[in-house]
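Quick mapping for you: the protein sequence lines, in order, are chains U and D. Taking our numbering as reference, the numbering of the first sequence is continuous, increasing by one, and the terminal residue is 241. Taking our numbering as reference, the numbering of the second sequence is continuous, increasing by one, and the terminal residue is 222.
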Amino acid sequence: MLSSRGLVSLARVRQGLKVLACEKHTLPDLPYDYNALEPVISAEIMQLHHSKHHATYVTNLNVAEEKLAEAQAKNDVSTIISLAPALRFNGGGHLNHSIFWQNLSPNGGGEPTGALLEAIKRDFGSFENMKNQLSASTVAVQGSGWGWLGYNKQSKRLQIAACPNQDPLEATTGLSPLFGIDVWEHAYYLQYKNVRPDYVKAIFNKANWADVAERFAKASK
Amino acid sequence: MLSSRGLVSLARVRQGLKVLACDKHTLPDLPYDYNALEPVISAEIMQLHHSKHHATYVTNLNVAEEKLAEAQAKNDVSTIISLAPALRFNGGGHLNHSIFWQNLSPNGGGEPTGALLEAIKRDFGSFENLKNQLSASTVAVQGSGWGWLGYNKQSKRLQIAACPNQDPLEATTGLVPLFGIDVWEHAYYLQYKNVRPDYVKAIFNKANWADVAERLAKASK
């Protein structure tokens, strides 16, 4: 810990070790088989989407976080700042997809119930209205991105938002993510080609409203 | 031309008519058959890319320009401003793809020659260096976008750039577009899946260096 420049503070060393010892992120298992969301999302898409795309975000997030820890240990502010895009892209990709797999279920579809349905009626008038608005916002994403049903903790209201690329909802808008629709072309192209509206329409048939209700309950505490 | 609010200037009317009478944009024909770029780009991709994606940009650009003309006629500045994203997205999409189809050829590939090759050697050291740098920038695009070899009229040098979504090169960076590589997933996913680097590597085999050379010649006048 000593160097020709003087003592290195032990606190700094501990901090460095603690940061470096953080566990790496791992690809979460899918809660169902790759073919479980058919016919809404094909097994081929699910396999590529989970084992290639999401896996790559996890790998690259770990790389970025390792570089971040190194930069922090060296107090290299410039590098810390320059890592932001990689952290946002890969960290967002990991966050978003981790939610996505839970937001969907082979037994999904139908309509929400209970407190979630009440909130939807209160903030959108009806479940149908919410679906229409969320679909429109999601289809309208220019390029790659996600459509979201989120919860605004300040106003205590449900709110629809769209984010570009892998920008994560909460860090970007402050909204708590409840239900997300991935409209990167890799999420649907092999099956729906350019007809994004058909994919967005169909995905509600696998929406796991129980999971969305749980997220809503947690966010509204 | 008279109204209860007073005379409408004839100049304004003429301007409105002239704007409204502008020819609509049309989808340019592909200079070759849909299967002509195989095995680098499949016929299926070419057909969807040209007849669906590019066609949609043309349609929506015409809609946006019609709305623009109406807003100009009414002097509705707010609407004029609000149309900017639609014009950038669809106008950019039309510009970019119109260049793209010409940038590729069934007889493409090999190496550039003449003034283009000299400029490449001068600004990149070698054709190989250019390919490597352009490939790296293109593969690195986060989300949807394009990699470009462009010409900087100020510095009189070739330059590599990447643009997000359909942002057109010249309006965004000032660089004159010479050769573009579309890395929206629809450009390659049906064939290359998530392996964008393979697509970017392969596309040089259909690069129409004669077209690129022509663009450089025009730009460097």
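For each residue, glycine too, the CB sits at the ideal point set by N, CA and C. A quick note: this is a predicted structure, and the numbers were derived from the prediction, not measured.
Simplified DSSP state of residue i, which is helix, strand or coil
i	result
U:G105	It is Pro, not Gly, that sits at residue 105 of chain U in the sequence shown. DSSP places U:P105 in helix when its eight states are reduced to three.
U:Y209	helix
D:S221	coil
U:N172	strand
D:L69	helix
U:Y52	coil
D:V177	strand
D:A163	strand
D:L49	helix
U:I201	strand
U:M21	Interpretation of U:M21 is limited by its pLDDT of 43, a score under 50 that renders its predicted location unreliable; no figure is taken from the coordinates.
D:A37	coil
D:M2	Summary for D:M2: the model assigns pLDDT 43, below 50, so the residue's position carries little reliability; its value from the coordinates is reported in the next sentence. If DSSP states are grouped into helix, strand and coil, D:M2 belongs with coil.
U:I61	coil
Short Cβ contact (8 Å threshold) for residue i with residue j
i	j	result
U:N116	U:Q186	yes
D:S145	D:P169	no
U:L195	U:Q179	yes
D:A70	D:L84	no
D:G115	D:A220	no
U:H45	U:N80	no
U:H206	D:E186	yes
D:L105	D:A188	no
U:K176	D:N195	no
D:I182	D:T139	yes
D:K154	D:V177	yes
Contact list for residue i against chain U, beta-carbon separation under 9 Å
i	result
D:K53	K213, N214 and V215
D:N166	Q162, G163, S164 and P184
Contact list for residue i against chain D, beta-carbon separation under 9 Å
i	result
U:H206	E186, Y190, K194 and N195
U:N55	The premise fails here: U:N55 is roughly 18 Å from chain D at the closest Cβ pair, so nothing lies under 9 Å.
U:F109	Q143 and G144
Residue i: contacting residues in chain D (beta-carbon distance under 7 Å)
i	result
U:L68	K194 and N195
Proximity test, residue i beta-carbon vs the ligand ZN heavy atom, cut-off 7 Å
i	result
D:G181	Judged by which ligands are present, the structure shown has none, so any question about the ligand ZN falls away.
Chain U contact residues for residue i, given Cβ-Cβ distances below 7 Å
i	result
D:F90	Q162
D:S145	G163 and S164
Identified DSSP bridge partners for residue i
i	result
U:A89	DSSP, once it has assigned bridges, lists no residue as partnering U:A89.
U:W166	U:C183 and U:D202
D:I42	Answer by DSSP bridge pairing: none, since D:I42 is not bridged.
Cross-chain neighbours of residue i in chain U, by beta carbon under 8 Å
i	result
D:L49	K213 and N214
Contacts that residue i makes with chain D (C-beta to C-beta distance below 8 Å)
i	result
U:Y209	E186, H187, Y190 and L191
U:H117	Neighbours of U:H117 on chain D: none; closest Cβ ~13 Å, over 8 Å.
- At a cut of 8 Å, does the stretch 148-168 of chain U reach the stretch 198-215 of chain U through at least three beta carbon pairs? yes
- Query: Can you find at least 3 beta carbon pairs, one from the stretch 192-203 of chain D and one from the stretch 58-67 of chain D, that sit closer than 8 Å?
  - Reply: Taking a contact to require three or more Cβ pairs closer than 8 Å, the stretch 192-203 of chain D and the stretch 58-67 of chain D do not qualify as touching.
- Pair every Cβ in the stretch 128-142 of chain U with every Cβ in the stretch 217-230 of chain U, then say whether three or more of these pairs are closer than 8 Å. yes
- Item | Sufficient close CB pairs (3 or more, under 8 Å) joining the stretch 97-110 of chain D to the stretch 125-133 of chain D | Contact between the stretch 97-110 of chain D and the stretch 125-133 of chain D is absent, because fewer than three Cβ pairs lie under 8 Å.
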